[in-house]
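A.B. asks:
Numbering (our numbering), first residue to last: 31 to 189.
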């Protein structure tokens, strides 16, 4: 379940380059496993859609992530190399995703790693307006506490 979430968060973070369905809206280039360049371009070209988790990871890392986030991603990359070997960690994650999607193996132990990676990217998306969002959430909680209305999505405080 974590891989679809991870892909959605990456697409949201890379929204200046791809849409949620993977349509390319801005040119970008990714290095393939073989060291060749793969160029994505919009408007009906052969590479007008990005559906590769690997390519989204490289896009995010090279063109979207801030230097601080890159440093933290590098720690995840080191952890994955320690777990799975010398291949590029983004290639390893791509293989894990494909193997779990097609049912050839079950990676229950790496779910937490990918979930934390997902949360890290999400938190950095909130970085610019975190305080505004925090205050808005606090205001909503205070309003809900004093009103008769309780959102069906609210789990705090417990009913």
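For each residue, glycine too, the CB sits at the ideal point set by N, CA and C.
(1) Looking only at its chain, what residues have a beta carbon closer than 7 Å to the beta carbon of residue 114, apart from the 5 residues adjacent to it on each side?
(2) For residue 107, collect the residues of the same chain with a Cβ closer than 6 Å to its Cβ; drop the 5 residues on either side in sequence, then sort them by chain order.
(3) Would you report the Cα separation of residue 90 and residue 180, rounded to the nearest angstrom?
(4) Please return the same chain residues whose Cβ sits closer than 8 Å to the Cβ of residue 140, not counting the five positions on each side in sequence.
(5) If you measure between the beta carbons of residue 70 and residue 94, is that distance less than 8 Å?
(6) Alpha carbon to alpha carbon, what distance is there between residue 78 and residue 59?
(7) For residue 41, is the classification buried or exposed, using 16 other Cβ atoms within 10 angstroms of its Cβ as the cut-off for buried?
(8) Could you pull the start and end residues of the alpha helix (DSSP H) that residue 129 belongs to?
(9) Could you check the C-alpha separation between residue 157 and residue 164 for me, to the nearest Å?
(10) Do you know how far the Cα of residue 67 is from the Cα of residue 31?
C.D. replies: With the given structure in hand:
(1) Here residue 114 refers to the residue found at position 84 of the chain shown. Answer for residue 114: 122, listed in chain order.
(2) Counting from 1 along the chain shown, the entry for residue 107 is found at position 77. Once the five neighbours on either side are set aside, the close Cβ partners of residue 107 are 119.
(3) Mapped onto the chain shown, residue 90 falls at position 60. Mapped onto the chain shown, residue 180 falls at position 150. Cα-Cα distance, rounded: 38 Å.
(4) Here residue 140 refers to the residue found at position 110 of the chain shown. Cβ within range, chain order: 113 and 126.
(5) By one-based count along the chain shown, residue 70 stands at place 40. By one-based count along the chain shown, residue 94 stands at place 64. Their beta carbons are not under 8 Å apart, which means residue 70 does not touch residue 94 by this criterion.
(6) Here residue 59 refers to the residue found at position 29 when the chain shown is read from its first residue. Here residue 78 refers to the residue found at position 48 when the chain shown is read from its first residue. One C-alpha to the other measures close to 12 Å.
(7) Reading the chain shown from its first residue, position 11 is the one you call residue 41. Classification of residue 41: buried, given that the 10 Å Cβ count is 16 or more.
(8) In the chain shown, counting from the first residue as 1, residue 129 sits at position 99. Unbroken alpha helix (DSSP H) run through residue 129: 119-131.
(9) Here residue 157 refers to the residue found at position 127 of the chain shown. Here residue 164 refers to the residue found at position 134 of the chain shown. The straight-line gap from Cα to Cα measures roughly 11 Å.
(10) The count along the chain shown starts at 1 and reaches residue 31 at position 1. The count along the chain shown starts at 1 and reaches residue 67 at position 37. For residue 31 and residue 67, the distance between alpha carbons rounds to 31 Å.
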